[in-house]
Each structure stands twice: as structure tokens, then as C-alpha cells.
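*Asks:*
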Amino acid sequence: MLAHSWWLAAEIVRRHPGVSLTETHPCDGMYDCLTLHGRGPGYVDLNREGRIHVHPELIGFMTWARALEMPDPHDAVVAIEAAWGRPGPQKAPRTTATTLTYRVVARALGMLVNHRDDWDVRMANPGQPYYGGPEPTVATWLASAGADRLFPSDAIRDGVLRAWATRNPIDSGVWAVLREEEALAVLDAHEGIAYTRTGAVPMLPAYRLSGRSVTAAMVAGLGSVLP
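Be aware that the sequence shown starts at 1, since it is given in UniProt numbering, and climbs by one per residue.
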């Protein structure tokens with residue numbers, strides 16, 4: 001379900017580049033959602049602890065069983081778009097750094113579905129409710145996940161943390177790739193850059209040079225940390 005939630009989210013963002021993707025935990029953390037927002041009313045929660053919701057009217061719109069049993073997985077994408085009032089484009093929009101990053105995440109998690117270790121991708125989202133202490137920043141979130149050490153140098157880390165601190169805290173675009181809850185890479189979805197101990201890699205050039213291969217972009221950005 002984790003991998004499929006990312007595939008659905010990545011496909012919707014690919015088809016609608018103006019849509020933003022965040023991680024949210026409504027109902028005091030009972031839900032675990034990839035949340036899609038766009039201009040205008042309504043939003044979509046891909047709740048990994050329940051169902052797919054199209055707010056404000058279609059709560060419980062689709063079960064994961066239904067989404068997974070469709071002969072063509074794109075049928076679920078089209079159904080969500082229709083319920084949200086956002087019909088799919090006649091022609092696929094041009095790939096951006098952001099849309100590519102999410103497709104890379106979906107491709108990686110799809111490849112790791114049956115891996116012996118638990119893999120996950122989590123957003124450095126200081127906009128989440130925080131209890132029992134000061135509200136976190138992207139920097140403190142990354143430090144808590146052990147991801148602040150995943151940069152080629154301290155200078156690069158300090159520079160990007162300063163830049164990220166100026167972003168909307170609800171949509172930082174910063175995600176950590178985790179194996180057994182250990183951070184192995186940091187992704188900047190707004191810029192399409194993967195940060196690991198071995199370097200900072202823009203993934204869009206690899207995608208273009210390979211003839212638009214998402215797998216090539218994944219290998220360029222995350223090849224040093226994936227099994």
C-alpha cells in the first residue's frame with residue numbers, strides 16, 4: 001500500500017504539475033496521508049491507514065482494495081481526478097524536477113516492496129502538530145531522523161538548510177529516504193536533487209540524457225543507498 005500510494009500521488013502530480021504533495025497526519029495522528037492540494041477548493045488524502053478521501057464531499061471515496069484490483073492502475077488515477085473535478089490532460093505535461101522526484105520515489109518503493117527491510121519516505125514537515133516541545137524546523141526534523149549528516153560537506157548542508165528555512169513550512173519539499181527508520185538520503189523535490197554522503201545529484205539531467213528513463217534518474221540520485 002505504501003508503494004501504491006506513492007505511485008498514485010506521483011501520477012497525479014505528473015499529470016497536474018500545479019498540484020502540491022505533502023505528508024499529513026489528521027485526527028491527531030490517526031491518519032497517515034499523502035495529501036494532494038491544488039488551486040481551488042478540495043484536496044485528496046491518500047490515507048495509508050484507511051481509505052482514499054476526496055474532500056470535502058467524498059470521504060471514504062475509494063478503498064485500497066478497489067484501487068489495487070483495477071485491471072489498469074491508471075483507472076484509479078482517472079477516478080480520483082474525476083471525483084476531484086480535475087480531468088486528466090490530453091497531453092502529458094513536461095517533466096519537472098518536482099514531478100520527477102516523486103516518480104523516482106514511487107519507482108524506488110515499488111522496487112523494494114518485497115525487500116527484507118522496511119523502506120519508507122517521509123517529509124521533513126515542521127508544519128505538523130507538535131506536542132511537548134518547541135515547534136520543529138526542517139533542520140531539527142532532519143536532525144531527529146539522523147538525516148542532517150547526509151550531505152557531502154558541512155558547507156553544503158548549512159547552505160541548503162538556510163535555503164529550506166525560507167520555504168513554506170507546510171510544503172518544504174524535503175523528504176528523507178529511510179531504511180528501518182534510518183535516514184539514508186534526503187530529497188529536495190522542489191529542485192530535484194538527491195543528497196547522500198557521496199554527493200548532491202540533480203536527477204533531471206540523468207533523466208534527459210537517458211531518453212527520459214525514471215530508472216536512470218533513480219540510479220543517479222539513489223543508487224549509492226539502494227540495495
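Even glycine gets a Cβ: it sits at the ideal position worked out from N, Cα and C.
All values reported here derive from a predicted model rather than from experimental measurement.
Would you identify the three-state DSSP class for Thr-95, choosing helix, strand or coil?
*Replies:* Here residue 95 corresponds to residue number 95 of the sequence shown, with the count starting at 1. Note: Thr-95 maps to coil in three-state DSSP.
*Asks:* For Asp-120, collect the residues of the same chain with a Cβ closer than 6 Å to its Cβ; drop the 5 residues on either side in sequence, then sort them by chain order.
*Replies:* Mapped onto the sequence shown, residue 120 falls at position 120. The residues are Leu-178.
*Asks:* Tell me which residues share the same chain as Asp-32 and place their Cβ nearer than 7 Å to its Cβ, disregarding the 5 neighbours each side in the sequence.
*Replies:* For the purposes of this step, residue 32 is identified with residue 32 of the sequence shown, where counting begins at 1. His-25, Asn-47, Arg-48, Glu-49, listed in sequence order.
*Asks:* With contact counted as at least three CB pairs below 8 Å, one residue from each stretch, are the segment 146–161 and the segment 185–200 in contact?
*Replies:* Touching, yes, given that three or more Cβ pairs across the two stretches are closer than 8 Å.
*Asks:* Can Pro-17 and Pro-93 be called in contact, C-beta distance under 8 Å?
*Replies:* In the sequence shown, counting from the first residue as 1, residue 17 sits at position 17. In the sequence shown, counting from the first residue as 1, residue 93 sits at position 93. Closer than 8 Å, so yes.
*Asks:* Can you tell which of Pro-227, Ser-224, Arg-212, Val-219 has the C-alpha that lies nearest to the C-alpha of Thr-96?
*Replies:* In the sequence shown, the residue the question calls residue 96 occupies position 96. Of the listed residues, the one whose Cα sits closest to Thr-96 is Arg-212.
*Asks:* With DSSP collapsed to three states, give me the class of Gly-60.
*Replies:* Sequence index remark: in the sequence shown, residue 60 carries index 60 (1-based). Strand.
*Asks:* Find out if the Cβ-Cβ distance for the pair Gly-38, Arg-86 is shorter than 8 Å.
*Replies:* Counted from its first residue, the sequence shown places residue 38 at position 38. Counted from its first residue, the sequence shown places residue 86 at position 86. Taking 8 Å as the Cβ cut-off, Gly-38 and Arg-86 qualify as a contacting pair.
*Asks:* Report the rounded CA-to-CA distance for Met-203 versus Leu-150, giving the unit in angstroms.
*Replies:* As a working note, residue 203 is residue 203 in the sequence shown. As a working note, residue 150 is residue 150 in the sequence shown. Cα-Cα distance, rounded: 17 Å.
*Asks:* Helix, strand or coil for Asp-72 per DSSP?
*Replies:* If you number the sequence shown from 1, residue 72 lands on position 72. Of the three classes helix, strand and coil, the one that applies to Asp-72 here is coil, per DSSP.
*Asks:* Can you pull the DSSP bridge partners for Cys-33?
*Replies:* If you number the sequence shown from 1, residue 33 lands on position 33. Bridge partners of Cys-33: Thr-24, Asn-47.
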